[in-house]
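In this note's numbering, the protein residues as written are 290 to 692. Down below is the structure, laid out as structure tokens.
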Ligand code: NIG
Ligand code: FE
């Protein structure tokens, strides 16, 4: 496909300006253009404007009629665990009957049950799983996704997971430090082994390293050792932090210059203040809080303090079996106190920033990747307003319409 004209768009919406991440007064500053068009050239956006300003284009342009529809940037899911086999539907039923996520984890279920299924699957099945999950995400408007390893926890399956993610077009993150696998006595011994035996190869595939810093998983000293070794190998740093308890994730993230700290359901005032003063993005995962019936993260306080905030699904089989960023936007508006414009900003430009892609993802502007989502809605805010609705009616990724 060379040139594509998406024409007669009822409303085109994009985060304003060029900065990333957008925070403070700029967070949620979006430009809305009525009766608009987007012109793409190969995989990039060539022009964006009002239909009344569109000049003659020649006849080599394919057209998409967007009458009555809205256009937003392709959504960016900056936190998923899309590489797994099996499911946790049994555990879901147990939780519905009153068991807690942490109890199931401590009893050897939870993450470790997905580890067993993922180890047994083999690399081809893992790549098929990531491709299947990518299709689910695309149907909800996600054109860029990050995915973590972390359900292998052995040399071969961790590396196979990272290759499967990269092979399916995802941004791979090495989450070797997700849980201590059954072969190891404790976290210290496992972290030593990960750094020596897996990190060297993992760092040639992954863009970032992530750690689950939490009681029952890894403590701050273990997380520090793992993240420092990852940084030495050139990886960006991410942390799962403050999901259930404040165990030092935010101070560590700030000190090490991490790209993000994610979850934050248990974050208190000190953590909010520390994040607001830092360059670390707060990635909020409200679908996970909802799915586990946990408190929502303090989104409004983070925004008001000036922290950079992104939203993601946390798509995984245990704590958030949800691949829909529009649904996450709905939860953000109804439970976190964000506006639709802030929610959109959080899962476009700010999420692209977490993945170090804000120069080409997350905006509808010339030079950006031609990732365009069409909403079959009269107003773009239906993205968050239509709770669980089928709002996405067309997805263009890299200038190519997807089916
Ligand atoms: O982000 N909390 C740690 N990791 C994932 C859940 C993984 C799982 O339950 O399988 C999360 O919620
Ligand atoms: Fe997660």
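Even for Gly, the Cβ is constructed at its ideal location relative to N, Cα and C.
Residue 556 classed as buried or exposed, judged by whether at least 16 other C-beta atoms fall within 10 angstroms: The residue given as residue 556 occupies position 267 in the chain shown. Residue burial is scored here from C-beta neighbours: residue 556 has at least 16 other C-beta atoms within 10 angstroms and is therefore classed as buried.
Closer than 6 Å: residue 603 CB and nearest the ligand FE heavy atom: Counting from 1 along the chain shown, the entry for residue 603 is found at position 314. Because some heavy atom of the ligand FE lies under 6 Å away, the Cβ of residue 603 counts as near it: yes.
For residue 385, the nearest candidate out of 317, 579, 441 and 429 (CA to CA): As a first step, residue 385 is located in the chain shown; it is residue number 96 there, counting from the start. Residue 385 has its Cα closest to that of 579, out of 317, 579, 441 and 429.
Alpha-carbon spacing of residue 512 relative to residue 362, whole angstroms: On the chain shown, position 223 is the one that residue 512 refers to. On the chain shown, position 73 is the one that residue 362 refers to. Cα to Cα, the separation comes out at about 35 Å.
Under the three-state DSSP convention, the category residue 682 falls into: In the chain shown, counting from the first residue as 1, residue 682 sits at position 393. In the three-state scheme derived from DSSP, where H, G and I count as helix and E and B as strand, residue 682 is classed as strand.
Collapsed DSSP secondary structure at residue 440 in the structure displayed: Here residue 440 is taken as the residue at index 151 of the chain shown, counted from 1. Here residue 440 sits in coil by DSSP.
Distance cut-off 6 Å: residue 397 Cβ against heavy atoms of the ligand HEM: The ligand HEM is not among the ligands present in this structure, which contains only the ligand NIG and the ligand FE.
Backbone secondary structure at residue 549 - three-state DSSP: What you label residue 549 is simply residue 260 of the chain shown in a count that begins at 1. DSSP places residue 549 in strand when its eight states are reduced to three.
Residue from 436, 466 and 467 whose Cα sits closest to the Cα of residue 452: Here residue 452 is taken as the residue at index 163 of the chain shown, counted from 1. Its Cα nearest to that of residue 452, the residue 436 stands out among 436, 466 and 467.
Rounded separation between residue 440 and residue 481 - CA only: Along the chain shown, one-based indexing puts residue 440 at 151. Along the chain shown, one-based indexing puts residue 481 at 192. Rounded to whole angstroms, the gap between the alpha carbons of residue 440 and residue 481 is 18 Å.
Short Cβ contact (7 Å threshold) for residue 598 with residue 571: As a working mapping, residue 598 is identified with position 309 in the chain shown. As a working mapping, residue 571 is identified with position 282 in the chain shown. Yes. Within cutoff.
Beta-carbon proximity list for residue 660, same chain, < 6 Å, skipping 5 on both sides: Taking the chain shown and counting its residues from 1, one reaches residue 660 at position 371. Residues 363, 432 and 686 of the same chain have their beta carbon placed closer than 6 Å to that of residue 660, with the five preceding and five following residues left out of the count.
Cβ-heavy atom distance, residue 459 to the ligand NIG, below 6 Å: As a working mapping, residue 459 is identified with position 170 in the chain shown. In this structure, residue 459 has its beta carbon at no less than 6 Å from each heavy atom of the ligand NIG.
Given residue 498 as reference, the closest of 415, 521, 608 and 625 once Cα atoms are compared: As a working mapping, residue 498 is identified with position 209 in the chain shown. For residue 498, the nearest C-alpha among the options comes from 521.
Below-7 Å beta-carbon distance, residue 480 vs any chain D residue: The chain inventory of the structure shown lacks chain D, comprising one protein chain alone.
Unbroken beta strand (DSSP E) run spanning residue 610, endpoints: Residue mapping note: residue 610 aligns to position 321 of the chain shown, counting from 1. It is not in any beta strand (DSSP E) - residue 610 carries neither H nor E in the DSSP assignment.
First and last residue of the uninterrupted alpha helix (DSSP H) at residue 484: Within the chain shown, residue 484 is the residue found at index 195, counting from 1. Per DSSP, residue 484 lies in no alpha helix (DSSP H) segment and is marked neither H nor E.
CB of residue 662 within 7 Å of CB of residue 680, strictly: Within the chain shown, residue 662 is the residue found at index 373, counting from 1. Within the chain shown, residue 680 is the residue found at index 391, counting from 1. No, Cβ-Cβ distance for residue 662 and residue 680 is not below 7 Å.
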